[in-house]
Amino acid sequence: MNLQSKLPHVGTTIFSKMSALAQQHGALNLAQGFPDYETDPYLIELVNRYMKDGFNQYAFMSGVLPLRERIAEKVWNTHQVRVDIQDEITVTAGGTQAIFTAIATVVEKGDEVLIFEPAYDCYAPTVELFGGRVVPVALLAPDFSIDWEYVKSLVNEKTKLIIINNPNNPTGKRLGKEDINALAAIVTSSHTFVLSDEVYEHIVFDGHQPYSLLAHPILRERSFVIASFGKLLHVTGWKVGYCIAPPVLTKEFRKIHQYTVFSVHTAVQMAIAEYLENPEIYLSLGDFFEEKRNYLIEGIQSSKFTVLPSQGTYFLNIDYAAISDEPELLFAERLIVEKKIALIPISAFYTENLNQHILRVCFAKKAETLVQAVDLLNNI
Ligand code: PMP
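Residue numbers (our numbering): 706 to 1085.
Shown next as structure tokens:
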């Protein structure tokens, strides 16, 4: 057979690998980023009701109108920014499809795409699929700060896209005002677009408010802003998200969306639209996860791990340098087999094989799971 792989370097993701190993060894799984608590029964009831009421056929290509209206309202309530429900919002099959389609919209053969590492795993393969070249910018522990002068030096006429993820998975870092201004300066003096992965937008801690590039007049004009209801509503398996971009970008985005997905689960969209009539659902999300973060941090304070700051997302990074010198992957595998807890080595989010002795813990878990996790981590 004459089949040449378009993605020869891609294998199974680290999340699937660690989850499979966790299952095999009966380990507590804090590796993959998904909640283990119950979905709000009211949300499930709404989906049920819309299905029974006959919302079972194709939705509008751009998303059902009530959901696009609710998204616009959410953007207004959160950022006091208006977005156009006809020409700027497209409901997608999760954040992943929105990311894929945004990259497909702008990246051509030979284009360069800047990615900050540690980076979420779907960016690079998608860029490569469309003939783009990934230019990784490695950010290092403990503070993962960005040297914007260096970033500027990497931007040239081939740079088509800069991908940011704020707050960031896996670091839990939130970009500051200086970061956003530095990005805006680069975008202004170049031809690059921005893909802003904001799937953890509402999960920010310590009194900070969510921030979106939609609130930045210059960046907004050049950006695809991506969100995920999987994260917002604790239903990662539903795979519903959206992309907000200016009309010229949305028009091209939808040409691809139309022929890949066309439209997303109708009853689920209707249910989400009704569910989000209560803005507290998203306005209280940060507090919900902050409590879990604090429990975990306090619980492992006297363990051998050093805790890195987590300003947002539902991830906490812990440094095990005081315990072992082993590379991250080996250490993480050993923890699963010997200590019955599964975490993710952050080296998996870098192109270069770095070893910073750091593992990512997902704390989107019910209280009992976190009690168990604290117990296990204190015994290492
Ligand atoms: N971006 C980031 C940073 C993520 O962590 C995830 C989910 N793990 C996604 C995008 C994908 O979102 P979805 O599950 O809605 O496709």
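Don't be surprised by glycine CBs; every beta carbon is placed ideally from N, CA and C.
Residue i in three-state terms, based on DSSP
i     : result
G881  : coil
R1039 : helix
Y947  : strand
A887  : helix
L733  : strand
I790  : coil
V839  : strand
F720  : helix
L844  : coil
F739  : coil
V769  : coil
D902  : strand
I868  : strand
E862  : coil
I820  : strand
T795  : strand
D852  : coil
G942  : helix
I749  : helix
M706  : coil
Proximal residues to residue i (C-beta, below 7 Å), its chain only, five neighbours per side dropped
i     : result
T955  : D792, E793 and T795
K863  : G815, D816 and E817
R879  : N871, P872, V909, H913, Q1016 and G1017
Y1000 : L1075
P847  : L1013
K963  : Rather than Lys, the amino acid found at residue 963 in this sequence is Gln. Contacts found: M766.
F760  : T971, A972 and M975
A687  : Residue 687 lies beyond the residue range present for the chain, which begins at 706 and ends at 1085; the question has no answer from this structure.
Y905  : P872, N874, K936, G1017 and T1018
G731  : K1045
Beta carbon of residue i nearer than 8 Å to that of residue j
i     : j     : result
C948  : F934  : no
I885  : L938  : no
L733  : A1047 : yes
E1031 : P1050 : no
I806  : T965  : Here the sequence assigns Thr to residue 806, which means Ile is not the residue at that position. Cβ distance < 8 Å, so T806 and T965 count as in contact.
K1044 : I1005 : no
V1066 : L735  : yes
I868  : T893  : no
Neighbourhood of residue i by C-beta, 8 Å cutoff - its chain only, sequence neighbours within 5 removed
i     : result
Y747  : Y980
V930  : S901, E903, S917, L918, L919, C948, I949 and A950
S1007 : N1083
Sequence-distant residues of the same chain with beta carbon closer than 6 Å to residue i, five excluded per side
i     : result
A1069 : P740 and Y1019
Y742  : K1071
S1029 : F1036
A777  : V788 and I790
D1024 : T1011, H1062 and I1063
L1059 : S1052
D826  : T718
Q: Could I get the ranges of all uninterrupted alpha helix (DSSP H) runs contained in the segment 1001–1072, with 4 residues as the minimum, in chain order?
A: 1033–1039
(Q) Between the segment 886–903 and the segment 913–930, can you find at least three pairs of beta-carbon atoms closer than 8 Å? (A) yes
Q. Unbroken beta strand (DSSP E) runs of length 3 or more, entirely within the segment 909–938: which are they?
A. Listed in chain order, they are 928–933.
Q. Is it true that the segment 981–999 meets the segment 714–733, where meeting means three or more beta-carbon pairs spaced less than 8 Å apart?
A. no
Q: Would you mind listing the beta strand (DSSP E) stretches within the segment 969–994 that are 3+ residues and don't spill past its ends, in chain order?
A: Taken in chain order, the whole beta strand (DSSP E) runs of length 3 or more contained in the segment 969–994 number zero.
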